[in-house]
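S.K.:
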Amino acid sequence: MPELPEVEVTRRGLAPRLRGRAISGVAIRERRLRWPIPDAVRRLAGKRVRGIGRRGKYLLMDCGAGHLILHLGMSGSLRLVAAGTPAGKHDHFDLEFGDRVLRLRDPRRFGAVLWTAGELAKHPLLAHLGLEPLSSELTGERLHALSRGARVSIKQFLMDARRLVGVGNIYASESLFLARIAPRMRAGKLSREKSERLSAAIKRTLHTAIRAGGSSLRDFVSSDGERGYFQNRSWVYGREGKPCRRCGTAIRRIVQGARATYYCPRCQT
DNA sequence: CTGGTCACCTGGAAGC
DNA sequence: TGCTTCCAGGTGACCA
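Here's what the structure looks like:
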């Protein structure tokens, strides 16, 4: 489910509940995720969780001796359930904490559970990640500089994690709508002003989504409710043919890099 | 290096 | 009702 907001909402839900707690056991029911879950993960039993961080869409659980790296792929979710709760068909992995269990469900198995004892910043999956959009790293100026010379469309540019992390398919369309930028424009042609608008739109879109998800944190942590996603109504995403919420023009759907893009042909130029 | 395409996997919705 | 096809929130691997 996850773009950055969903991952961040997950992190905020889990961190205060797991920080300081000792891992009592590990259950691997299906190790074939994007990469096989390594055996090293079994040796987490007895370790204590120091904190949970995030880099892009990766969750990083600090276990003292190293980090558990978690990625939710397209269909993953993490939930805290009571010990003894029967595992469902796609519940592939558990970290046990006495009476509670952190459970990973991932029907499509594009997610990942990995372990590294080394320096996080040097891990191959993390080393080449781009700007964190919610940090002060992202400014209109930085975005402008970053996009110079890029020949890809701005939509695809936004989704390239080597430039900018965390913006996935939904929020790329949403941010471009807010910034009133046509998705097919070449990234390298972004004006300074458009860069400024886009930078602000990305931050706003992500913050809004996090806030919406945050309101359903209780459900997320305690039960199987799948709330938080999509609960903030979108401006354009998934609205092909429906009237633009600003001007009434029919929203269009196009395909860029094999992914659907939605936009208003009148508002976005 | 860049940019474009494919593959991975399952389930739900739409189409016939 | 049942079968088929299409589509889905990510991203590494591979190609030109």
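Using our numbering, read the first sequence as starting at 69 and increasing by one per residue. By construction, the Cβ of each residue, glycine as well, lies at the ideal position given by its N, Cα and C atoms.
1. Which of helix, strand or coil does DSSP assign to GLU258?
2. Here's a check: name, in chain order, each residue in its chain whose Cβ is nearer than 6 Å to the Cβ of ARG252, leaving out the five neighbours to either side.
3. For ALA133, which option in THR184, ARG313, LEU226, ALA247 has the closest C-alpha, if you only look at C-alpha atoms?
4. Could you give the distance in angstroms between the alpha-carbon of ARG97 and the alpha-carbon of ARG210?
5. Is GLN336 helix, strand or coil by DSSP?
6. Does ALA195 come out as helix, strand or coil in the three-state DSSP assignment?
7. Is the beta carbon of SER259 sitting closer than 8 Å to the one on SER215?
8. May I have the straight-line CA-CA distance separating PHE178 from MET142, to the nearest angstrom?
9. Grouping DSSP H, G and I as helix and E and B as strand, with all else coil, what is SER221?
10. Could you tell me if ILE319 is buried or exposed, where buried requires 16 or more neighbouring beta carbons within 10 angstroms of its beta carbon?
11. To the nearest angstrom, how far is the alpha carbon of SER290 from that of ALA213?
12. Does the distance from the CB of MET129 to the CB of LEU138 come in under 8 Å?
13. Run through DSSP, which three-state label would GLY121 get?
14. For ILE120 versus LEU86, is the C-beta spacing smaller than 8 Å?
15. Mind checking ARG279: buried by the 16 CB within 10 Å criterion, or exposed?
16. Between which two residues does the beta strand (DSSP E) harbouring ILE96 extend?
17. To which residues does DSSP link MET129 through a beta bridge?
18. Considering only the beta carbon of each residue, do GLU71 and GLY234 sit closer than 8 Å?
19. Beta strand (DSSP E) containing PHE165: first to last residue?
20. Taking the Cβ atom as the reference point for each residue, do SER243 and TYR330 lie within a distance shorter than 8 Å?
21. I need the straight-line Cα distance from TRP303 to CYS312, nearest angstrom please.
22. Can you name the residues that DSSP bridges to THR184?
23. Check whether the Cβ of ALA255 lies closer than 7 Å to any heavy atom of the ligand GDP, and answer yes or no.
24. How is the alpha helix (DSSP H) around LEU82 delimited, first residue to last?
M.R.: A quick look at the data gives this:
1. According to the sequence provided, residue 258 is Leu. The question's Glu does not apply to it. Shown here, LEU258 sits in coil according to DSSP, grouped into three states, outside any helix or strand.
2. Same-chain partners within the cutoff: SER221.
3. Selection THR184, ARG313, LEU226, ALA247 evaluated against ALA133 yields THR184 as nearest (Cα-Cα).
4. ARG97 and ARG210 have their C-alpha atoms roughly 44 Å apart.
5. Here GLN336 sits in coil by DSSP.
6. Of the three classes helix, strand and coil, the one that applies to ALA195 here is coil, per DSSP.
7. A distance of 8 Å or more separates the beta carbons of SER259 and SER215.
8. Their backbone Cα atoms lie some 6 Å apart in a straight line.
9. DSSP places SER221 in strand when its eight states are reduced to three.
10. ILE319 sits buried, since 16 or more C-beta atoms from the chains shown fall within 10 Å of its C-beta.
11. With a pLDDT of only 38 at SER290, under 50, the local geometry of the prediction cannot be trusted, and no value is derived from it.
12. Result yes, Cβ atoms of MET129 and LEU138 sit closer than 8 Å.
13. The DSSP-derived three-state label of GLY121 is strand.
14. Annotated as proximal: ILE120 and LEU86, with beta-carbon spacing under 8 Å.
15. Label assigned to ARG279: exposed.
16. Secondary structure note for ILE96: its beta strand (DSSP E) is the uninterrupted segment 93–96.
17. Answer is ILE120, LEU136, bridged to MET129.
18. In contact: GLU71 and GLY234 (Cβ atoms closer than 8 Å).
19. Counting along the chain, PHE165 sits inside the beta strand (DSSP E) bounded by residues 159–165.
20. Taking C-beta atoms as the reference points, SER243 and TYR330 fail to come closer than 8 Å.
21. Whole-angstrom Cα-Cα distance: 7 Å.
22. DSSP output for THR184 lists HIS135 as bridge partner(s).
23. Because no ligand of any kind appears in the structure shown, any question about the ligand GDP cannot be addressed here.
24. Segment 72–86, the alpha helix (DSSP H) holding LEU82.
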